[in-house]
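Working notes, structure below.
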Amino acid sequence: MKDIFKYVISGLIAVLIFYTVTSLMESSKEKEQLLAETALIEKEIKNVSKLVVTEMKYAKVYTYESTKSYGWDFFSSQKSALLVSNATAQISYDLKKLKYEVDPESKTITLLYLPEPELIIDPNIYFYKMDNGLVNRFEGSDYNTIKRKIKSDLKKQIKKDNVMKNAQNRLLTELSNIYILSTSMGWKLVYNETDIHNTDDLGRILF
Numbered sequence: 005m006k007d008i009f010k011y012v013i014s015g016l017i018a019v020l021i022f023y024t025v026t027s028l029m030e031s032s033k034e035k036e037q038l039l040a041e042t043a044l045i046e047k048e049i050k051n052v053s054k055l056v057v058t059e060m061k062y063a064k065v066y067t068y069e070s071t072k073s074y075g076w077d078f079f080s081s082q083k084s085a086l087l088v089s090n091a092t093a094q095i096s097y098d099l100k101k102l103k104y105e106v107d108p109e110s111k112t113i114t115l116l117y118l119p120e121p122e123l124i125i126d127p128n129i130y131f132y133k134m135d136n137g138l139v140n141r142f143e144g145s146d147y148n149t150i151k152r153k154i155k156s157d158l159k160k161q162i163k164k165d166n167v168m169k170n171a172q173n174r175l176l177t178e179l180s181n182i183y184i185l186s187t188s189m190g191w192k193l194v195y196n197e198t199d200i201h202n203t204d205d206l207g208r209i210l211f
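Sequential numbering from 5 applies to the sequence shown in the working numbering.
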């Protein structure tokens with residue numbers, strides 16, 4: 005009877021040891037998988053962390069006039085120019101400035117900060133015709149004034165065009181890569197304290 009009791013106790017101890025070892029091994033595997041997933045997500049975010057640039061070309065003909073009056077209505081001097089501006093407009097998102105937080109415990113990626121778009125306009129100005137006034141001649145300050153007015157005009161043009169929308173779509177494409185990877189591994193993406201459930205959600209929250 006004692007021998008049977010010993011066998012039973014030994015069997016129970018063996019089962020307990022086997023269960024404990026198995027549980028530890030499973031826990032180790034889960035931890036290794038979690039670490040691997042975290043590393044993969046970090047790598048994807050680093051791949052996304054680049055400069056996203058949308059570029060557009062603009063060509064336009066301008067007429068510039070400037071009149072100087074010398075105290076009498078009948079005594080003034082006008083200068084004028086006919087010019088062409090070939091300008092390059094760039095809208096960029098510097099995703100190196102992207103701030104985020106990865107929480108392996110809750111399997112959550114939180115986007116903390118997204119950089120604002122930066123607009124750069126670089127106009128190349130070509131003078132087709134230039135007429136100096138008698139005492140009102142073209143100077144370097146005129147070129148700066150013309151360039152400033154062209155930039156202002158192009159900013160208004162860009163707002164009317166789809167350039168900004170195209171830039172936003174490119175940004176959304178880059179960030180969607182993070183979302184797709186995270187959901188494929190059972191993680192969730194959060195921005196502005198809102199869970200992202202699909203790429204449409206991401207677009208609505210961002211813009």
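Built from N, CA and C at the ideal position, the CB exists for glycine as well.
On a predicted model such as this, the values are computed, not experimentally measured, just so you know.
| Item | Value |
| --- | --- |
| With DSSP as the reference, label Asp165 as helix, strand or coil. | coil |
| Starting from Leu138 and walking both ways along the alpha helix (DSSP H), at which residues does that stretch end? | No alpha helix (DSSP H) contains Leu138, which DSSP labels as neither H nor E. |
| Return the chain-ordered list of same chain residues with a C-beta closer than 6 Å to the C-beta of Asp98, the five sequence neighbours on each side being excluded. | Leu55 and Pro119 |
| Who are the Cβ neighbours of Asp126 in its own chain at under 6 Å, not counting the five residues just before and after it? | Thr92 |
| May I have a chain-ordered list of the alpha helix (DSSP H) segments no shorter than 4 residues that lie completely inside the region 76-103? | none |
| Quick check: what's the CA-CA separation for Ile200 versus Tyr62? | 37 Å |
| Apply the 10 Å Cβ neighbour rule to Tyr195 and answer buried if 16 or more other Cβ atoms are within range, or exposed otherwise. | buried |
| Run through DSSP, which three-state label would Ser110 get? | coil |
| Restricting to Cα atoms, I'd like to know which of Ser84, Lys159 and Ser80 is closest to Lys72. | Ser80 |
| Cα-Cα, which of Leu87, Asn90, Tyr130 and Glu48 is closest to Glu178? | Glu48 |
| Taking 6 Å as the limit between beta carbons, can you name the residues of its chain near Leu176, skipping five residues before and five after? | Gly207 |
| For the alpha helix (DSSP H) containing Leu210, list its first residue and its last residue. | Thr203 to Leu210 |
| On a CA-only basis, which of Ser145, Lys64, Ser156 and Leu44 is nearest Ser70? Give me that one, please. | Ser145 |
| Assuming Lys83 and Arg141 make a contact with CB atoms under 8 Å, what is their CB distance in whole Å? | 7 Å |
| Going by alpha carbons, who is nearest to Met60 out of Tyr130, Gln94 and Ser89? | Gln94 |
| Below 8 Å CB to CB, which residues in the same chain sit around Lys159 once its five sequence neighbours on both sides are set aside? | Leu123 and Ile125 |
| Between the C-alpha atoms of Ile113 and Asp165, what's the straight-line distance to the nearest angstrom? | 34 Å |
| Can you tell which of Leu87, Asn202 and Val139 has its C-alpha closest to the C-alpha of Ser186? | Asn202 |
| Let me know the secondary structure DSSP gives Leu55 once reduced to three states. | strand |
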